[in-house]
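Counting the sequence shown from 1 gives a position; the numbering used here is that position plus 345. Think of the CB as a built atom: it goes at the ideal place given N, C-alpha and C, for glycine as much as any other residue. Working notes, beginning with the structure itself.
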Amino acid sequence: MDRFYLVCTYLLAAVLGLCVGSFLNVLIYRLPRGMNIAKPGSHCTVCREPIRWYDNIPVISYLVLRGKCRHCGTKISPRYMIVELLNCLFWVACVWRFYAYGWGVLIVCSITVSMLLTAFFTDLEHMMIPDSVNGIIGLCAIAAFILQICGIGTEVSWQDRLWGLLAGGGSFLLIYFIVLLVIRREGLGLGDVKLMTGVGLLLGWRSTVLAIAFACILASFYALAKKAGRGKREEKSLKTDEETAEEKERKNEFPFAPFLTTAAAVCLFFGEQICTAYTNLFL
Ligand SMILES: [Zn+2]
């Protein structure tokens with residue numbers, strides 16, 4: 346009977362994950378633009394024609410319509426299907442990882458990964474993380490903290506979670522002010538600071554430190570690849586346009602949250618195991 350419940354939970358997570366993924370697309374499009382998330386209903390952003398329910402089925406509708414609007418034929422970004430599939434995958438992974446800890450932990454972690462996914466794309470497309478997304482991650486972290494105190498949490502103790510809050514939020518706030526002092530403008534977004542405060546409380550200090558290190562490594566590789574790519578392009582085009590120092594600096598800017606959210610998601614699932622395996626190497 347237990348096995349039957351587990352299979353049902355997996356199926357429910359997959360279907361709900363797809364539907365919630367579809368809603369995340371609405372959040373990714375509307376929140377950075379300051380739009381209402383409920384009204385108007387789903388519509389094509391070019392011809393404004395409402396999208397009927399049968400054209401709004403996660404993944405299937407995108408494939409049937411071959412990624413185009415039924416009315417005007419405008420191409421729909423593949424991001425819609427990618428978000429739906431990723432969220433489905435994450436929710437199934439949450440059942441695999443957190444089912445044993447009970448429904449409380451499972452729900453909190455599922456909502457958190459969905460919000461991390463949303464922050465990934467809003468920062469990638471608009472260079473910002475909406476406060477509401479950071480707020481929900483913060484609420485999930487507080488819920489996980491309370492569950493931990495009540496004795497129905499995970500292997501991360503509530504003390505470790507408090508240290509995580511300091512390791513995530515505290516360190517990023519410090520870096521934020523240092524960068525502000527040194528280059529005299531915002532280098533690290535406040536959104537990143539808020540994100541890491543919630544993530545820190547949720548992951549505990551060990552996984553948070555690991556996530557920050559992992560995010561920095563990913564971002565460094567990306568920055569190097571970007572620099573190499575631009576160097577080649579500049580060699581090819583013999584443009585002699587004079588670029589101001591500020592323009593050059595702006596070209597070097599890139600969103601940090603995609604790396605942070607990716608690292609946080611990996612550490613939510615595997616952080617404690619990685620840290621334990623690492624410390625066992627030396628003990
Ligand atoms: Zn259209």
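Distance, residue j Cα to residue i Cα
| i | j | result |
| --- | --- | --- |
| E470 | M426 | 16 Å |
| L408 | C495 | 46 Å |
| R424 | L361 | 18 Å |
| E579 | A573 | 10 Å |
| A359 | R375 | 25 Å |
| T354 | D347 | 11 Å |
| G483 | L431 | 22 Å |
| L533 | S422 | 28 Å |
| V611 | G386 | 34 Å |
| F349 | L356 | 11 Å |
| L628 | F615 | 20 Å |
| S477 | S455 | 17 Å |
| P377 | T621 | 39 Å |
| K571 | V352 | 44 Å |
| C389 | L363 | 20 Å |
Close-in-space but distant-in-sequence residues of the same chain around residue i (CB under 8 Å, 5 per side omitted)
| i | result |
| --- | --- |
| V450 | F443, A489, L492, I497, G498 and T499 |
Burial state of residue i (16 or more Cβ within 10 Å)
| i | result |
| --- | --- |
| I474 | buried |
| K384 | exposed |
| R506 | buried |
| R551 | buried |
| L673 | Residue 673 is absent from the model: the chain starts at 346 and stops at 628. |
| G480 | exposed |
| G302 | Missing from the structure shown is residue 302; the chain here goes from 346 to 628 and no further. |
| M380 | exposed |
| V501 | buried |
| I600 | First, the amino acid is wrong: residue 600 is Pro here, not Ile. Buried, since its Cβ has 16 or more Cβ neighbours within 10 Å. |
| V527 | exposed |
| T624 | exposed |
Contact test: residue i Cβ vs ligand 1 heavy atom, cutoff 6 Å
| i | result |
| --- | --- |
| V409 | no |
| H416 | yes |
| V371 | no |
| V391 | yes |
| T419 | yes |
| E394 | yes |
N- and C-terminal bounds of the alpha helix (DSSP H) containing residue i
| i | result |
| --- | --- |
| I482 | D476 to I494 |
| F604 | A602 to F627 |
| C439 | R424 to F443 |
| A464 | W448 to H471 |
| R529 | Unbroken run through R529: none, as it is neither H nor E. |
| V360 | D347 to R375 |
| I405 | I405 to V409 |
| W508 | W503 to L510 |
| V538 | L535 to L548 |
Residues of its chain near residue i, where Cβ-Cβ distance is below 7 Å and the 5 sequence neighbours each way are ignored
| i | result |
| --- | --- |
| W441 | none |
| L372 | I382 and T463 |
| R415 | D400 |
| L519 | none |
| G447 | I497 |
| A531 | According to the sequence as given, residue 531 is Glu; it is not Ala. L525, listed in sequence order. |
| A564 | F601 and F604 |
Neighbourhood of residue i by C-beta, 6 Å cutoff - its chain only, sequence neighbours within 5 removed
| i | result |
| --- | --- |
| T553 | G509, A512, G513 and G545 |
| V428 | G366, L369 and N370 |
| V458 | F435 and A610 |
| V391 | C417 and T419 |
Residue i Cβ short of 6 Å to ligand 2 heavy atom set
| i | result |
| --- | --- |
| V524 | This structure does not include ligand 2; its bound ligands are ligand 1. |
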